[in-house]
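Numbering (my numbering), first residue to last: 401 to 700.
In structure tokens:
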């Protein structure tokens, strides 16, 4: 789940929406790449993933950035009309750029701990891209079908809960929201009004998700609630505070091949990737400057 910014909506929101190249219509989901037009319906036929939709102190926010952000959203939120999502996503990306600029101005990017985190994030992106571009090649349709038949077909899926959330910056705000809900305020209505999460336009609805589809802190609470229950206390997760409501619970059905094939492909690719990493590791010299063997010490 891509959480929204914890800051108030900026004054740039209106400006960002005004420069949108989108035209309202039946199109609900974008097509993003770097070659073809980003949207089938656009004011400018040449609009691509590099088209600039906003600038922050000279830094561009592009349609490609918007597409990447939308791809991180829950399916129920991705299904919302693009004209509903677009200004909120641009707002979020503008805020990220502003915070990034401020962090560089204060020299935060030069702190050793921060540099390590940046390097780790860079390494992960490169590894993920390698996984997609190289490790996926050996995954064939026949292998996917065999895996699906053996492990999934005909078997029940995991339990699922239909969950709504309201995200706010502080615990005090979350407690006030819980009090309003106990007084009879409708959860979905309140979510649309006050939630800072990108699910706000959908009334905070995350749809039906298994436990592993939720953030650990939210999942632990959601699966402890009964349908109709609201979390009795605020839940801290991702530097924000959440109020949670469970609308329904159901036994998940076995996913169809079409639904699960991308996930199976990723799992198989990860296995191939792990095998390749092991092979690569054997080609390079490993050293452990600290006394002892970290792997042995960690498990011994």
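By construction, the Cβ of each residue, glycine as well, lies at the ideal position given by its N, Cα and C atoms.
Query, Result
"Spatial distance of residue 578 from residue 451 (CA atoms)", "42 Å"
"7 Å Cβ cutoff met for residue 570 and residue 646", "no"
"Pick from 628, 574, 667 and 525 that is closest to residue 636, judged by C-alpha positions", "574"
"The alpha helix (DSSP H) enclosing residue 486, as first and last residue numbers", "482-505"
"Proximity below 7 Å, CB of residue 484 to CB of residue 601", "yes"
"Member of 545, 525 and 469 whose CA lies at the smallest distance from the CA of residue 662", "545"
"Candidates 612, 525 and 488: closest to residue 595 by CA position", "488"
"Where residue 611 sits in the DSSP three-state scheme", "helix"
"Strand pairing of residue 575, partner residues [DSSP]", "Note: residue 575 sits in no beta bridge, so no partner."
"Exposed unless 16 or more other CB atoms sit within 10 angstroms - verdict on residue 688", "exposed"
"Same chain, Cβ closer than 6 Å to residue 465, neighbours up to 5 away in sequence not counted", "493"
"Distance, residue 467 Cα to residue 427 Cα", "The predicted model places residue 427 with a pLDDT of 30, which falls under 50 and marks its position as unreliable; any figure quoted below should be read in that light. Rounded to the nearest angstrom, the two C-alpha atoms are 14 Å apart."
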